[in-house]
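Notes follow once the structure below has been shown.
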Amino acid sequence: MNHHVSRITELFNSRSGTLLVACTMAGDPDFVTSIRIIQEMIDAGADMIELVMPHSDPVADGPVMQEAVSRALDAGMNTDRFFSLISEIRKGSGTPLVVLTYANIVIQRGVEQFYRDAANAGVDGVAIADVPLEESGPFVAAARNARIEPILFVSRTTSNDRLEKILSAAGGFIYLVAAMGVTGTRDGISGETLVCLQEVKGRTGIPIVPGFGISGPEQIRTYAGSGADGVIVGSALVQEIAQQVKLGSDPVPKVGELVRRLKSGCIIDR
Amino acid sequence: MTGSTRFGAYGGQYVPETLICALEELEQAYTTIVPSRAFQTEMEYFLKEYAGRETPLTFCRNMSRDCGCRIYLKREDLLHSGAHKLNNALGQALLAKAMGKKRIIAETGAGQHGVATAIAGAVLGLRVEVYMGVEDMERQSLNVARMEMLGARVIPVRSGSRTLKDAINEALRDWVADVENTHYLIGSVVGPHPFPALVRDFQTVIGRETRHQILEKEERLPDLLVACVGGGSNAIGMFHAFLKDDVALFGAEAGGEGIKGRHGATLCRGRPGVLHGTYSYLIQDAFGQILESHSISAGLDYPGVGPEHSFLKDEGRVTYLPVTDEEALDSFFYLSRTEGILPALESAHAVALARTLADDLDDDGILVINLSGRGDKDVAQVAALMGGRR
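Those sequence lines, one after another, are chains V and A.
Here the first sequence stands for residues 1232 to 1501, where the numbers follow my numbering.
Here the second sequence stands for residues 2 to 391, where the numbers follow my numbering.
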């Protein structure tokens, strides 16, 4: 291990309260609009960006994300352009940026190469939706080599001994899968997830960030009250983009509005 | 995990974190319940008394004369439900019941696995829901009706290419959301560990029977075995009992439109990567996006393949060759008219490859084709393709 401190760790160390991680699909609805959406998210108060590199077969994702994958791939997104897009964003912003993708995207570029390219483009962390602890070895090693935080997932079905191993391998933050099933907006929060959040928090100093099913400031307030270090909002934002695209409108202003509304849920005294 | 999750470099468990507990539970059941005497007794009962095993190994007089060697068909088409799929469906449904699951989900391409699962669910009292791409529902409307009549619910899949690949995606998504109550009864030797090993073990009965049947009839092992390969469950089921023998093994893949057109010949023309939880050969672009496969037969229309086949290909133990839609269709008619047996379009790929391979055998050479399913389900599609020609 080196003594490099990532932008992600710096951010969590420098801030109290609950951070907002705004998630969007790279290249949705097109390359240029996607860059403007990300810049707007940052301007509207997102503390971190989770950018999804689309994969044709996203088994962890619900219909909203699946449709965004189609829009992005149809508009020509691929792994080369993905890193160009990140380089463009990095020209104007130092906001921490996390990549979410699927194993085959990383494997086809070459695992080491993917993490090197990500580091060169300015990526701070990488999460892979279909890489659990059991398969994480080569990915975590390549991430460490490239000074990228390997972000791993836990859920309320994660056993204790696996949780220990995940906590010792992970970097940056722990992605808490807050709803069983696929990504997509849901009402409310399961009590089991809040219990899980508090349990995991009691066992590690790594920030815990729930994602899946989070769409409004009320939910965020509840997570914040239970000690979440951040929250990830994806499908709700992508849904907003989809609606504006269908109407033929520019999605950027609506995305900004939603980010500000979500951000209002993050402000809490601890 | 207790043992290896891989076949050489292939296999593994590339699934979301939320599915690991279900795979652990399944592995536990696979290693403790399946080998138990009680389970094996129950399984043998259902295979023999209910499904109709053992299936015959039929000597083909006419085809043998025509092809110039001794040709046998392993008659999985005569198994209850009309295809080998029932071996696995009964095995996994019995296992699901022993695990206390109340609901079974499945994916289906040609509909044969969906029908087999509906049958197993009906006889064992388990609720069955089957994901099926809308394109496949059109091609295989007879099987949709059969599933519904057997009490299963067929859920149309409209995402992606609307075929088998997308039906598996939807089934995995469903399973993630309800792992406690649901068993995902996957239909081929694909998916995350332990599925490729579990499904194989329920299908190896095909090869075990073939082995003792051919020894009884010919007093020696065959020279050549041929099976079609989509996901690859009937092929693994046939090959496994012969892997250590001096028997040449051939897998017929979906060559589709031919060398420059669309196809489903994953092992012949793909590259290794991850799809549906397993590392195996895939049909994909340079960046790792999965491409749509194509085959005249819905059951072979899949851009992936079981990881053990990838291993057997790299080891050089099995030779995989593409058979085009046209060649398969030709052999569909050939077997129908030569032997009076309508093969499934999937199995017709194996028949076509066998006819080519027979050229290299002497008169006393022995070739066994795994006739994985019957062709009744394909009659309407073939009639439409022929446009009135018979």
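Even glycine gets a Cβ: it sits at the ideal position worked out from N, Cα and C.
For N371 of chain A, which beta-bridge partners are listed by DSSP? Stepping through the second sequence from its first residue, residue 371 of chain A is reached at position 370. DSSP lists A:K75 as partners of N371 of chain A.
How is S1386 of chain V classed by DSSP in three states: helix, strand or coil? In the first sequence, residue 1386 of chain V corresponds to position 155, counting from 1. It is a strand residue.
Separation of Q141 of chain A from A345 of chain A, as counted between CA atoms: Numbered from its first residue, the second sequence carries residue 345 of chain A at position 344. Numbered from its first residue, the second sequence carries residue 141 of chain A at position 140. Straight-line Cα distance between these residues: approximately 12 Å.
Using a C-beta cutoff of 8 Å, does S294 of chain A count as contacting chain V? The residue given as residue 294 of chain A occupies position 293 in the second sequence. No, S294 of chain A does not count as interfacial toward chain V.
Below 8 Å between beta carbons is the criterion; list the residues of the segment 1353 to 1381 of chain V that meet it against any residue of chain A, in chain order. A1360, D1361, V1362, P1363, L1364, E1365 and E1366
Residue closest to L1493 of chain V, alpha-carbon to alpha-carbon, out of V:V1236, V:R1434, V:A1275 and V:D1288: Along the first sequence, one-based indexing puts residue 1493 of chain V at 262. Nearest of V:V1236, V:R1434, V:A1275 and V:D1288 to L1493 of chain V, Cα basis: V:A1275.
Taking Cβ-Cβ distances shorter than 8 Å, what residues in chain A pair up with M1411 of chain V? On the first sequence, position 180 is the one that residue 1411 of chain V refers to. Correct list: T19, V177, A178, D179 and V180.
Considering only the alpha carbon of each residue, which of A:V380, A:V306, A:A287 and A:G208 lies closest to N1309 of chain V? Within the first sequence, residue 1309 of chain V is the residue found at index 78, counting from 1. Closest option to N1309 of chain V, Cα to Cα, is A:A287.
When the Cα atoms are used, what is the spatial distance from A121 of chain A to D1278 of chain V? Looking up residue 121 of chain A in the second sequence gives position 120. Looking up residue 1278 of chain V in the first sequence gives position 47. A straight line joining the alpha-carbon of A121 of chain A with that of D1278 of chain V spans about 52 Å.
Using a Cβ-Cβ cut-off of 8 Å (strictly less than) and excluding sequence neighbours within five positions of E171 of chain A, which residues of its own chain qualify? Position 170 of the second sequence, counting from 1, holds the residue named residue 171 of chain A. Correct list, in chain order: E108, Y132, I156, V158 and S160.
Might you give, ordered along the chain, the residues of its own chain that have their beta carbon closer than 7 Å to the beta carbon of G278 of chain A, omitting 5 neighbours on each side? Here residue 278 of chain A refers to the residue found at position 277 of the second sequence. Q14, Y15, V16, G192 and P193, listed in sequence order.
Per DSSP, I106 of chain A forms a beta bridge with which residues? Here residue 106 of chain A corresponds to residue number 105 of the second sequence, with the count starting at 1. As DSSP reads the structure, I106 of chain A sits in a beta bridge with A:E130 and A:Y185.
With distance defined between alpha-carbon atoms, name the residue in V:V1490, V:A1373, V:E1241 and V:A1410 nearest to T1388 of chain V. Here residue 1388 of chain V refers to the residue found at position 157 when the first sequence is read from its first residue. Answer by Cα proximity: V:A1410.
Could you please give the first and the last residue of the uninterrupted alpha helix (DSSP H) stretch that includes G238 of chain A? Translated into positions along the second sequence, residue 238 of chain A becomes position 237. Start and end: S234 to F240.
Please identify, using Cβ separations under 7 Å, the residues of the segment 1310 to 1344 of chain V that lie next to chain A, in order along the chain. Within the segment 1310 to 1344 of chain V, T1310, A1334, N1335, I1336, I1338 and Q1339 place their CB atoms closer than 7 Å to a CB of chain A, listed in sequence order.
Just to make sure I have the definition right: I need the residues of chain V whose C-beta is within less than 9 Å of the C-beta of I291 of chain A. Which are they? Counted from its first residue, the second sequence places residue 291 of chain A at position 290. Within 9 Å Cβ-Cβ: H1286, S1287, D1288 and N1335.
Using a C-beta to C-beta distance shorter than 7 Å, which residues of chain A count as neighbours of Q1193 of chain V? This structure leaves residue 1193 of chain V out entirely; chain V is present only between 1232 and 1501.
Can you tell me whether K245 of chain A is buried or exposed, with buried defined as 16 or more other CB within 10 angstroms of its CB? Position 244 of the second sequence, counting from 1, holds the residue named residue 245 of chain A. By the neighbour-count criterion, in which 16 or more other beta carbons inside 10 Å mark a residue as buried, K245 of chain A falls on the exposed side.
With I1268 of chain V and V1483 of chain V assumed to form a contact (beta carbons below 8 Å), what rounded beta-carbon distance in angstroms separates them? Stepping through the first sequence from its first residue, residue 1268 of chain V is reached at position 37. Stepping through the first sequence from its first residue, residue 1483 of chain V is reached at position 252. With 8 Å as the limit, I1268 of chain V and V1483 of chain V qualify as a contact, their Cβ atoms being about 6 Å apart.
Is the Cβ of Y11 of chain A closer than 8 Å to any Cβ of chain V? Translated into the one-based positions of the second sequence, residue 11 of chain A becomes position 10. Answer no: the Cβ-Cβ gap between Y11 of chain A and chain V never drops below 8 Å.
Mind pulling the chain A residues with CB within less than 9 Å of F1384 of chain V? Within the first sequence, residue 1384 of chain V is the residue found at index 153, counting from 1. Going along chain A in sequence order, the residues near F1384 of chain V (Cβ under 9 Å) are P17, E18 and T19.
Kindly indicate if chain A contains any beta-carbon less than 8 Å away from that of V1252 of chain V. What you label residue 1252 of chain V is simply residue 21 of the first sequence in a count that begins at 1. Closer than 8 Å: no.
Is there a Cβ from chain V that is less than 8 Å from the Cβ of F288 of chain A? Walking along the second sequence from the start, residue 288 of chain A turns up at place 287. Cβ-Cβ to chain V under 8 Å: yes for F288 of chain A.
Using a Cβ-Cβ cut-off of 8 Å, state whether T1435 of chain V counts as contacting chain A. As a first step, residue 1435 of chain V must be located in the first sequence, where it is residue number 204. Cβ-Cβ to chain A under 8 Å: no for T1435 of chain V.
What residue does the beta strand (DSSP E) around I1463 of chain V start on, and which one ends it? Here residue 1463 of chain V refers to the residue found at position 232 of the first sequence. First-last of the beta strand (DSSP E) with I1463 of chain V: G1461 to V1464.
Verify the CB distance criterion: does T1424 of chain V have a CB-CB separation below 8 Å to chain A? Position 193 of the first sequence, counting from 1, holds the residue named residue 1424 of chain V. False, the Cβ-Cβ gap to chain A never drops below 8 Å.
Along the chain, where does the beta strand (DSSP E) that runs through F251 of chain A open and close? Start at 1 with the first residue of the second sequence, and residue 251 of chain A comes out as number 250. Start and end: A249 to G257.
Chain A contact for L1282 of chain V (CB, 8 Å cutoff): Looking up residue 1282 of chain V in the first sequence gives position 51. For L1282 of chain V, the answer is no, since every Cβ of chain A falls outside 8 Å of its Cβ.
Using beta-carbon positions only, say whether D95 of chain A and L48 of chain A come within less than 8 Å of one another. Along the second sequence, read from residue 1 onward, the residue named residue 95 of chain A stands at position 94. Along the second sequence, read from residue 1 onward, the residue named residue 48 of chain A stands at position 47. The sequence shown places Leu at residue 95 of chain A, not Asp. Between L95 of chain A and L48 of chain A, the CB-CB gap reaches or exceeds 8 Å.
Taking Cβ to Cβ, would you say I169 of chain A is nearer than 8 Å to N371 of chain A? Indexing the second sequence from 1 puts residue 169 of chain A at position 168. Indexing the second sequence from 1 puts residue 371 of chain A at position 370. Result no, Cβ atoms of I169 of chain A and N371 of chain A do not sit closer than 8 Å.
Residues near F8 of chain A by beta carbon distance below 7 Å, same chain, minus five either side: For the purposes of this step, residue 8 of chain A is taken as residue 7 along the second sequence, with counting starting at 1. The answer, listed in chain order, is P308, E309 and F312.
Do you know offhand how far M2 of chain A's Cα is from L27 of chain A's? For this step, residue 2 of chain A is matched to residue 1 along the second sequence. For this step, residue 27 of chain A is matched to residue 26 along the second sequence. Low per-residue confidence applies at M2 of chain A: pLDDT is 44, beneath 50, and the placement is therefore not dependable, though the value from the model is reported in the following sentence. Computed Cα separation, rounded: 11 Å.
Range covered by the alpha helix (DSSP H) that runs through A393 of chain A: Given a span of 2 to 391 for chain A in the structure shown, any question on residue 393 of chain A remains unanswerable.
Using the Cα positions of T205 of chain A and L268 of chain A, report the straight-line distance between them to the nearest angstrom. To locate residue 205 of chain A, count along the second sequence from 1; it is residue 204. To locate residue 268 of chain A, count along the second sequence from 1; it is residue 267. Taking the straight line from one Cα to the other gives about 21 Å.
Are there 16 or more other CB atoms within 10 angstroms of the CB of I291 of chain A, so buried, or fewer, so exposed? Taking the first residue of the second sequence as 1, we reach residue 291 of chain A at position 290. Burial call: buried.
Do you know offhand how far V116 of chain A's Cα is from E347 of chain A's? For the purposes of this step, residue 116 of chain A is taken as the residue at position 115 of the second sequence. For the purposes of this step, residue 347 of chain A is taken as the residue at position 346 of the second sequence. Straight-line Cα distance between these residues: approximately 16 Å.
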